[in-house]
Amino acid sequence: FTDITGPVPFYAVNTSLSVFLLWGVALLFVLCAVYADPRTTGRPVRMFYVSQALMFGWLGCDDRFKFHEWMGGNLGIADHYVLGVTALVELGLLLGLGRSLLIGRPAWDLAFASAAFLAMFFVDAFLPELLRLRLSVEDLSKTWAGLFFFLFAWDLLAGVIRSTNVRRAGMLVS
């Protein structure tokens with residue numbers, strides 16, 4: 083565990099925010115899985131919540147510890163291919179287990195998150211490494227994707243709470 087340091091103040095702040103958001107998404111999906119009423123929530127949806135907790139927990143670790151870069155190097159392929167496979171697995175989970183949840187506001191959150199993720203992926207995969215502001219655009223896109231994934235999970239959790247009538251003193255989820 084080290085401090086994130088660098089040549090300028092707030093070095094790697096986008097990565098720190100992104101990791102916080104991705105792990106926050108994982109936590110929100112854990113809460114969805116815990117509070118989803120088994121009588122009204124089908125098994126595929128509960129499995130989707132668990133899969134998302136694992137996926138976003140992994141993505142947070144990957145962002146912080148650069149696992150996909152390490153894997154790409156060890157496999158002898160560009161690291162964005164490893165991230166692309168992760169994105170395809172996520173797409174499969176969304177269209178398979180989570181399809182019934184892709185309506186209304188969560189669907190919009192997911193659309194914005196996906197657009198920001200695709201922008202980040204495009205910059206990482208296709209723009210030259212030494213292009214001015216390339217890393218800034220990539221990291222900002224990553225952070226925006228994390229924010230909209232967080233909103234996606236938040237809106238799904240709000241739906242779970244409304245549908246199961248879980249109320250906490252002083253807590254209002256809208």
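Per my numbering, the sequence shown starts with residue 83, numbered consecutively. Backbone N, C-alpha and C fix where the C-beta goes; we use that ideal spot for every residue, glycine too.
Nearest-angstrom Cα distance between aspartate 191 and methionine 153?
By 1-based counting over the sequence shown, the position of residue 191 is 109. By 1-based counting over the sequence shown, the position of residue 153 is 71. One C-alpha to the other measures close to 30 Å.
Under DSSP, the alpha helix (DSSP H) around serine 182 begins and ends at which residues?
Residue 182 sits at position 100 when you count from the first residue of the sequence shown. Careful: serine 182 lies outside any alpha helix (DSSP H) and carries neither H nor E.
For arginine 128 and arginine 214, I'd like the C-alpha separation in whole angstroms.
As a first step, residue 128 must be located in the sequence shown, where it is residue number 46. As a first step, residue 214 must be located in the sequence shown, where it is residue number 132. Using only the alpha carbons, I get a separation of about 44 Å.
Taking the Cβ atom as the reference point for each residue, do leucine 183 and leucine 103 lie within a distance shorter than 7 Å?
Working through the sequence shown from its first residue, we reach residue 183 at position 101. Working through the sequence shown from its first residue, we reach residue 103 at position 21. Against a cut-off of 7 Å, the Cβ pair of leucine 103 and leucine 183 comes out as no contact.
For valine 248, the three-state DSSP class (helix, strand or coil)
Taking the sequence shown and counting its residues from 1, one reaches residue 248 at position 166. With a pLDDT of only 49 at valine 248, under the threshold of 50, the placement of this residue in the model should not be trusted; the figure read from the coordinates follows. Coil.
Taking the continuous alpha helix (DSSP H) assigned at proline 126, which residues delimit it?
In the sequence shown, counting from the first residue as 1, residue 126 sits at position 44. Looking at the DSSP string, the run of the alpha helix (DSSP H) that includes proline 126 is 125–147.
Are the CB atoms of alanine 198 and serine 223 nearer to each other than 7 Å?
Translated into the one-based positions of the sequence shown, residue 198 becomes position 116. Translated into the one-based positions of the sequence shown, residue 223 becomes position 141. In this structure, serine 223 lies closer than 7 Å to alanine 198 by Cβ.
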